[in-house]
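Residue numbers (my numbering): 2 to 144.
For glycine and all other residues, C-beta sits at the position ideal for the given N, C-alpha and C.
Before any comments, here is the structure.
Laid out in C-alpha cells, this is it:
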C-alpha cells in the first residue's frame, strides 16, 4: 500500500470507529423500536424470531458501544464479525424472498429487491471494516 493511502487510512481509523459504533448502536436500538419488522426478516427455519431480534439488538448495542472503548475494541470488533456472519442468513432470506413487495410501494419493488441483493456483498465490506479494529496499531501500520 502506498504511503499516502496508509497515512489517510491511519488518520481515518480513529474517527471511523465512532461512526461504526454509532451505526451498530442505533441499529440495535431499532430492533426494539420496530421488532415486528425485524422479525419478518428472520428466515422461517429459525424458531422464535422476536427473541432472535431482541438478542441481536442487544448484541448490536453492546458491541457498538464496546467498539468505541479502546479497552474492549478488539474483542467487540471480533463480536461484530461473528454477528455479521450470524445474521447473513436473514440477508439471504430478504434477497431471495418476495419481502420487497411487502415493504415498499409497487413502483419501488425492483429498487428494493436490487438493494437487498446488493446488501449481500456489502456484508463483506462491513466484516472487513470490523476486522480493521481487531488489529493492533502496529499491525495496522505494517500493511
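Mapping DSSP to helix, strand and coil, what is residue i?
| i | result |
| --- | --- |
| residue 62 | helix |
| residue 45 | coil |
| residue 24 | helix |
| residue 123 | helix |
| residue 69 | coil |
| residue 102 | helix |
| residue 88 | coil |
I think residue i touches residue j, with their Cβ atoms under 8 Å apart; what is that distance to the nearest whole Å?
| i | j | result |
| --- | --- | --- |
| residue 29 | residue 6 | Residue 29 to residue 6, Cβ: 32 Å. No contact. |
| residue 135 | residue 79 | 6 Å |
| residue 93 | residue 121 | 7 Å |
Output the distance between the C-alpha atoms of residue i and residue j, rounded to the nearest integer angstrom.
| i | j | result |
| --- | --- | --- |
| residue 25 | residue 97 | 24 Å |
| residue 73 | residue 127 | 19 Å |
| residue 12 | residue 75 | 18 Å |
| residue 111 | residue 100 | 11 Å |
| residue 71 | residue 23 | 15 Å |
| residue 67 | residue 59 | 12 Å |
| residue 87 | residue 47 | 12 Å |
| residue 51 | residue 40 | 5 Å |
| residue 132 | residue 82 | 7 Å |
| residue 113 | residue 45 | 21 Å |
| residue 57 | residue 64 | 10 Å |
Using only CA atoms, which one of the options lies nearest to residue i?
| i | options | result |
| --- | --- | --- |
| residue 90 | 9, 104, 42, 102 | 42 |
| residue 69 | 16, 95, 109 | 16 |
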